[in-house]
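In the order they appear, the protein sequences are chains A and B.
As numbered in the working numbering, residues 2 to 286 make up the first sequence, in order.
As numbered in the working numbering, residues 1470 to 1713 make up the second sequence, in order.
Ideal placement from N, C-alpha and C gives every residue a C-beta, glycine not left out.
Shown next, in structure tokens, is the structure this report addresses.
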Amino acid sequence: MPDATSAFPHLPALPGVGYKAQHFTDILKDPNPVGWLEVHAENYMGEGGRPLAQLRVLSERFPISVHGVGLSIGGEGRLDPDHLARLKHLCDWLNPASFSEHLAWSTHDSHFLNDLLPLPYTSDTLTRVADHIDEVQTVLGRRMLLENPSSYLAFAESTYSETDFLAEIVRRTGCGLLLDVNNVFVSATNLDYSPQGYIDAYPLDAVGEIHLGGHDEDEDDHGAPLLIDSHGREVVDPVWALLDYTLAQSGPKPLLVEWDTDVPDWPVLADEARRAASALTRVLT
Amino acid sequence: MTDQTAFHAGLLNPSTPVPEGLTDAQARPAGRRYGIYRNNVTVSLREALAEGFPSLVGLIGRENFDHVARAYLRQSPPTSPLMMHYGAELPEFVAALEQLKHLPYLADVARIDVAMRQSYHAADSISIDPTALQAMDEDTLLATRFSFAPSMIMIRSRWPIGAVWHYTLRGGDKPKGQAEDVLILRAEFDPEPIVLGPGAGDVVLALQTGTPFGRAIEQGGDAFDLAALLNILLPHNAITGLKS
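In structure tokens, the structure reads:
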């Protein structure tokens, strides 16, 4: 596999989209495509074939963000050294403009559960997550961004707010943050706090990227709204408003529209990216 | 305290109670909020399996497939974050299911689904120049060993699995009840399952295991058609090396 080393050192403060293979031709033909693309690391860990060939072509034209979904940084066990080595191999080959992962766990007792599972926010979990991030940054030789989760429940044992937990992780590890404003809206609704208050308390200086996505609506046992982070539809208006609220404080940031299930045709996704572009324009005027 | 062992235990087992220490914003028990995670895990693994086994879904229908997938994912959750490899043992699981014993060819057709995915992600390779074979004198050719693209995978079966695969996904001719060897080949990026003629599977197997060409083609028997096999291998860029 020839080296794909990208010439884009940073993500631009422009809209990007989560890359889907079915959009490859449309993206290359679009005269005004997005400013950058994000790929899920694990989809590019095969030995060869179309995924890596497409990524090589795209990396020549677009800054690429590599977004891991399987490292289990919040896991109780040690990080999987094989998986970390695969991430290093991919990052060394691609030299992406950004690497990010989640404040979550997905592996336990060698079982990979293919979901982003929650952890309590305590001094013990903080030490563990910080140690794991140190290890990732050392092995990859680059700074990573950590993404806030969508929460459906709380842990009775938590002693930190999520924003304090993230701020302390940043202080200890020097990592950056990926702020998912849809996740903020989902968690704030589900756990009954103010999403704007979350943004006010969040360490915005550390933000290297912002995510936007669609969610579904459900109810809990008591009839209270329960939002599900599904990435299967348009971003809703209150999340766009929360983005405006955030950008007014943070200034322009790289914005990513995620759409992972029931993926629409390219023009629909491109429209969402244009809406993100207008949010960036508003903050500059 | 809610450790990950407790959180994990209920994810794949719906009869396990919701772990202690999980709440809503009013400190009431989490209840179906925990069920969201349980549902996410099951649905995401089931969808990954359905995507990876299109011919199995086509043969038994989506509803039946979902039952099989749910039983499989509870017994054999992934052991790696590389979902591209998940389900490699599903054919064996299917073969052992009493309810599907009346469809004895299912497992081997599912092996084509697995092999198609493996081939899709296999390492790229550079094929030989086809004229290199023509340029050889006969003695040299007979003594030559072949190497093949990593994306080439053979599935051998007592059943007409290639015909069933094509009939299920592409509407080909109705399958007839004969054994078939299927060779999955990837000329560039798209794997294609190709049904081999009589004896060709034995020849391919011999070549794959390093038998010189002359002795390998003797494995094919009387009905073996060498030209037909080469007309499959060469256009699909399957032969990557010749060694005398």
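Can you check the stretch 1570-1634 of chain B for any beta strand (DSSP E) of at least 3 residues that lies completely inside it and give the ranges in chain order?
1614-1617, 1622-1626
Within chain A, the residues that B:Leu1551 reaches when beta carbons sit closer than 7 Å
Glu43, Met46
Does any CB atom of chain B fall closer than 7 Å to the CB of A:Asn115?
yes
Give me the chain B residues within the contact set of A:Glu77, using Cβ-Cβ distance strictly less than 9 Å, ordered along the chain.
Asp1472, Gln1473, Thr1474
Is it right to say A:Tyr195 is buried, meaning 16 or more other beta carbons lie within 10 angstroms of its own, or is it exposed?
In the sequence as presented, Tyr is not what sits at residue 195 of chain A; that position holds Ser. When all chains shown are included, A:Ser195 counts as exposed.
Going by the DSSP bridge assignment, what does B:Phe1522 pair with across the sheet?
Its beta-bridge partners do not exist; DSSP assigns none.
Under a three-way DSSP split, which group does A:Pro97 fall into?
coil
is_contact[B:Arg1614, chain A] using C-beta, thresh 7 Å
no
7 Å is my cut-off, CB to CB: does A:Ala98 come that close to chain B?
no
Looking at the structure shown, is B:Ala1664 part of a helix, part of a strand, or coil, going by DSSP?
At residue 1664 of chain B the sequence reads Val, which differs from the Ala that was named. If DSSP states are grouped into helix, strand and coil, B:Val1664 belongs with the strands.
Taking the alpha carbon of A:Gly19 as the reference point, which residue from A:Val58, A:Pro13, A:Leu178, A:His68 has its own alpha carbon closest?
A:His68
Taking 7 Å as the threshold (beta carbon to beta carbon), is A:Leu154 in contact with chain B?
yes
Where DSSP assigns a beta bridge to A:Ser66, which residues make up the other side?
A:Glu39, A:Ser99
Are the beta-carbon atoms belonging to A:Thr178 and A:Ala207 less than 7 Å from one another?
The displayed chain sequence assigns Leu, not Thr, to residue 178 of chain A. The answer is yes: Cβ separation under 7 Å.
Can you give me the C-alpha to C-alpha distance between A:Thr190 and A:Leu228, rounded to a whole angstrom?
7 Å
Contact with chain B by A:Leu71, beta-carbon distance below 7 Å:
With the sequence shown as reference, residue 71 of chain A is identified as Gly, and Leu is not the correct amino acid for it. Output row for A:Gly71: interface = yes.
In three-state DSSP terms, what is A:Lys30?
helix
By the criterion of Cβ-Cβ separation under 9 Å, what are the contact partners of B:Tyr1589 in chain A?
Gly47, Gly50, Arg51, Pro52
Where A:His221 meets chain B, residues with beta-carbon distance less than 8 Å
It is worth fixing the name first, because residue 221 of chain A is Asp in this sequence and not His. Within 8 Å Cβ-Cβ: Asp1493, Gly1500, Arg1501, Arg1502.
Strictly below 9 Å CB to CB, what residues from chain A border B:Ala1496?
Ala155, Ala157
May I have the straight-line CA-CA distance separating B:Pro1662 from B:Arg1639, to the nearest angstrom?
12 Å
Relative to the alpha-carbon of A:Leu114, which residue among A:Gln55, A:Lys89, A:Val70, A:Pro97 has its alpha-carbon at the smallest distance?
A:Val70
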